[in-house]
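Going line by line, the protein sequences match chains B and Z. Reading the first sequence from the start, the letters are residues 1 to 222 in the numbering used here. Reading the second sequence from the start, the letters are residues 1 to 307 in the numbering used here. Here the structure is laid out as structure tokens; the discussion comes afterwards.
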Amino acid sequence: MIVGDRKPIEEIKEMLAPYKKILLVGCGTCISVCMTGGEKEVGILASELRMISELEKKDWEISETTIQRQCEREYIEPLKEQFEKADVVMSMACGVGIQYMAEVFPEKIVLPAVNTTFYGTNVKEGEWQERCAGCGDCVLDKTLGICPVARCSKGLYNGPCGGTDNGKCEVNKDLDCAWYLIYNRMKEHGKLDMLDEIIPARSWKTSLHGGPRKRVREDAQK
Amino acid sequence: MTSSRLKKILEKGHFAVTSECGPPKGADPKAVQDKGKTLKGFVDSVNVTDNQTGVVRLSSMASCVLLKNEGLEPVLQMVTRDRNRIALQSDILGASALGLRNILCLTGDHQSFGNQPQAKGVFDLDSIQLIQTVRKMRDQGVILGGEKLTLPPDLFIGAAENPFADPLNYRAARLAKKVAAGAEFIQTQCIYNIGRFKEWMVEIRERGLHKKVFILGGITPLKSARMAEYMSKNVAGIDVPAEIIERMKSVPAGDQRKEGIKITIELIKELQGIEGVHGVHIMAIEWEDAVPEIVREAGLAQRPDVD
Numbered sequence: 001m002i003v004g005d006r007k008p009i010e011e012i013k014e015m016l017a018p019y020k021k022i023l024l025v026g027c028g029t030c031i032s033v034c035m036t037g038g039e040k041e042v043g044i045l046a047s048e049l050r051m052i053s054e055l056e057k058k059d060w061e062i063s064e065t066t067i068q069r070q071c072e073r074e075y076i077e078p079l080k081e082q083f084e085k086a087d088v089v090m091s092m093a094c095g096v097g098i099q100y101m102a103e104v105f106p107e108k109i110v111l112p113a114v115n116t117t118f119y120g121t122n123v124k125e126g127e128w129q130e131r132c133a134g135c136g137d138c139v140l141d142k143t144l145g146i147c148p149v150a151r152c153s154k155g156l157y158n159g160p161c162g163g164t165d166n167g168k169c170e171v172n173k174d175l176d177c178a179w180y181l182i183y184n185r186m187k188e189h190g191k192l193d194m195l196d197e198i199i200p201a202r203s204w205k206t207s208l209h210g211g212p213r214k215r216v217r218e219d220a221q222k
Numbered sequence: 001m002t003s004s005r006l007k008k009i010l011e012k013g014h015f016a017v018t019s020e021c022g023p024p025k026g027a028d029p030k031a032v033q034d035k036g037k038t039l040k041g042f043v044d045s046v047n048v049t050d051n052q053t054g055v056v057r058l059s060s061m062a063s064c065v066l067l068k069n070e071g072l073e074p075v076l077q078m079v080t081r082d083r084n085r086i087a088l089q090s091d092i093l094g095a096s097a098l099g100l101r102n103i104l105c106l107t108g109d110h111q112s113f114g115n116q117p118q119a120k121g122v123f124d125l126d127s128i129q130l131i132q133t134v135r136k137m138r139d140q141g142v143i144l145g146g147e148k149l150t151l152p153p154d155l156f157i158g159a160a161e162n163p164f165a166d167p168l169n170y171r172a173a174r175l176a177k178k179v180a181a182g183a184e185f186i187q188t189q190c191i192y193n194i195g196r197f198k199e200w201m202v203e204i205r206e207r208g209l210h211k212k213v214f215i216l217g218g219i220t221p222l223k224s225a226r227m228a229e230y231m232s233k234n235v236a237g238i239d240v241p242a243e244i245i246e247r248m249k250s251v252p253a254g255d256q257r258k259e260g261i262k263i264t265i266e267l268i269k270e271l272q273g274i275e276g277v278h279g280v281h282i283m284a285i286e287w288e289d290a291v292p293e294i295v296r297e298a299g300l301a302q303r304p305d306v307d
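Here it is as structure tokens:
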């Protein structure tokens, strides 16, 4: 899923300062599952903003709604009337939803309430970890399912650096060293010889460095 | 074109002595020249660190040229943290054109350790891919992607390895990978745990790597018991055994530098006795003054003349 964190309230307050009628829109998919921008979190932010409005005499009118997905037009379009009534829309989705709502309703400004952080998973209660960098050229076959691009602080392709410390990354002792994990997994599977293969310099064109990416499937087009 | 003196010394079977020079945090050529003057004649070549630990310093390339002009043979350290393959390859050509003849290919410490922790890390290549790149440029006369160079760079290609980092069982295999990528000499992370280093060398010899690459054992003289404790606790991948820390503590603070030098000399003697170790790399961090004494006391002051 896509994981994100809600922005600090001070930053949100500053963004909303010029406006009066504010529509908060939550997203029911990834950002809801990571407990950042679903129905519940929209309710919490709405209450916070109403309280601030009262205490600081902001005169804000906050309305709130949550749709299934902000990354799909068919879920956004029914919000037409609510968008029209608002001075500004604040999205609690990931960066995709924030942008796509403004594309569907270009006459409105859509502000971000969330910092989108990574593609990850909920490893245990209250903890999410990054797993994929969306780099466009998967090497998980060569590393037995542990991504060195997303999970090694230096994105190394050819084994651990000299800073591995008791299986932890030198950058942060709370982080597992991805190559330590890869090594152990190869060992468990009797495939340590995989480490001898040199992975040569890759092309980053499939990543953002080739420019923004798009995918076209002609057979799916009308 | 003159080729690397370090290479000649190693090829002739001499026990090489190399050292390191950290450039200043300023545009001060004298700081580099002074360090060069201190080391001149006592070492075969001097590595210049490339913004080590992610701290902004006078560039490695410029410092290398300053040292070269003082009559020393520099080893250009190059990290992949700060430059993509365009800049790396351009600097490799630049180094050769400026008459530098040795390069040490590194990934580099993560930027979060330095004084620019907000920096965007590049890591377009890793150290092994950088070794392959230099090798390709030098031996095939082409850059990545195959485009031909008008004149290939002439560089003796080195890499680093840390026999003390996790997973320990993988460290000899990693050296093998660097050798397969094209490394011709290796300078190791600092050795305090000579027992562990010897175990690693056994693995190196079993793989026959000592015959394919020149291995220089790295040593950083300890200035104080506090430094020993700090390195042991806080520097990832450094193994300072308790007995070394205790030994440093057992002498009064005023004598600890002397003790550090004594330990260094003992370690050098140990290194000289290990089959497959071809030299020593003395990294006296901000303590270059100690190097001449160490080299003299270790009986290595008479540097071979190979020119």
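A virtual CB, placed ideally from N, CA and C, is assigned to each residue, including glycine.
Give the residues of chain Z in contact with residue i, contact being defined as C-beta atoms less than 7 Å apart.
i, result
"Asp5(B)", "Neighbours of Asp5(B) on chain Z: none; closest Cβ ~18 Å, over 7 Å."
"Val171(B)", "His110 and Ser112"
"Asp165(B)", "Asp166, Ala236 and Gly237"
Below 7 Å on C-beta distance, what does residue i contact in chain B?
i, result
"Thr107(Z)", "Lys154, Leu156 and Cys161"
"Ala173(Z)", "Leu195 and Asp196"
"Asn162(Z)", "Gly162"
Within 10 Å of its beta-carbon, does residue i have 16 or more other beta-carbons around it, so buried, or fewer, so exposed?
i, result
"Thr107(Z)", "buried"
"Thr49(Z)", "buried"
"Pro153(Z)", "buried"
"Asp109(Z)", "buried"
"Lys35(Z)", "buried"
"Gly158(Z)", "buried"
"Lys136(Z)", "buried"
"His281(Z)", "buried"
"Asn169(Z)", "exposed"
"Val42(B)", "buried"
"Glu266(Z)", "exposed"
"Cys138(B)", "exposed"
"Gln256(Z)", "buried"
"Tyr157(B)", "buried"
"Arg171(Z)", "buried"
"Arg6(B)", "buried"
"Asn172(B)", "exposed"
Pull up the DSSP beta-bridge partners for residue i, would you.
i, result
"Phe185(Z)", "Gly158(Z) and Phe214(Z)"
"Gln129(B)", "Thr121(B)"
"Asp165(B)", "Lys168(B)"
"His281(Z)", "Thr18(Z) and Gly218(Z)"
"Leu24(B)", "Glu64(B) and Met90(B)"
"Gly6(B)", "In the sequence as displayed, the identity of residue 6(B) is Arg instead of Gly. Note: Arg6(B) sits in a beta bridge opposite Val114(B)."
"Ile103(Z)", "Leu76(Z) and Ile157(Z)"
"Asp176(B)", "Lys168(B)"
"Asn47(Z)", "Glu20(Z) and Val75(Z)"
"Val142(Z)", "Lys148(Z)"
"Cys190(Z)", "Gly218(Z)"
Going along chain Z, which residues have a C-beta under 8 Å from residue i?
i, result
"Ala201(B)", "Arg85, Asp124, Leu125, Gln129, Gln132, Thr133 and Leu144"
"Trp204(B)", "Asp124"
Run down chain B in chain order and give the residues with a C-beta less than 9 Å from the C-beta of residue i.
i, result
"Ala176(Z)", "Asp196"
What does residue i reach in chain B if we use C-beta pairs closer than 8 Å?
i, result
"Ala337(Z)", "Past the edges of chain Z, shown from 1 to 307, lies residue 337(Z), and the structure says nothing about it."
Item to check | Residues of the stretch 115 to 146 of chain Z with Cβ closer than 9 Å to any Cβ of chain B, in chain order | outcome: Gly121, Phe123, Asp124, Leu125, Asp126, Ser127, Ile128, Gln129, Leu130, Gln132, Thr133 and Leu144
Q. If you measure beta-carbon to beta-carbon, which residues of the stretch 98 to 132 of chain B are closer than 9 Å to chain Z?
A. none
**Q.** Cβ contact (3+ pairs, closer than 8 Å) linking the stretch 156 to 164 of chain Z and the stretch 177 to 192 of chain Z
**A.** yes
### Message
Give me the subset of the stretch 40 to 59 of chain Z whose CB atoms are less than 8 Å from a CB atom of chain B, sorted by chain position.
### Response
none
Q: Pull out every residue of the stretch 180 to 199 of chain B whose Cβ sits closer than 7 Å to any Cβ of chain Z, in chain order.
A: Tyr180, Tyr183, Leu195, Asp196 and Ile198
Interfacial residues, the stretch 219 to 239 of chain Z to chain B, with Cβ spacing under 7 Å: Ala236 and Gly237
Can you confirm whether the stretch 117 to 127 of chain B touches the stretch 183 to 199 of chain B when touching is taken to mean that 3 or more C-beta pairs between the two stretches lie within less than 8 Å? no
Say whether the stretch 131 to 139 of chain Z touches the stretch 37 to 51 of chain Z, bearing in mind that this needs 3 or more beta-carbon pairs closer than 8 Å, one atom from each stretch. no
Problem - Chain-ordered residues of the stretch 186 to 208 of chain Z with a beta carbon less than 7 Å from chain B - result: Gln189
**Cβ contact (3+ pairs, closer than 8 Å) linking the stretch 129 to 137 of chain B and the stretch 94 to 111 of chain B** = no
Taking contact to mean at least 3 C-beta pairs separated by less than 8 Å, is the stretch 61 to 70 of chain B in contact with the stretch 82 to 98 of chain B?
yes
| Are the stretch 135 to 149 of chain B and the stretch 184 to 191 of chain B touching, with three or more C-beta to C-beta distances below 8 Å? | yes
Using a Cβ distance threshold of 8 Å, determine whether the stretch 77 to 87 of chain B contacts the stretch 18 to 33 of chain B, with at least three qualifying pairs required. yes
Please confirm if the stretch 276 to 291 of chain Z is in contact with the stretch 14 to 22 of chain Z, defined as three or more CB-CB distances below 8 Å between the two stretches.
yes
Query raised in the report: Is the stretch 271 to 281 of chain Z touching the stretch 208 to 215 of chain B in the sense that three or more CB pairs, one from each, lie closer than 8 Å?
Result: no
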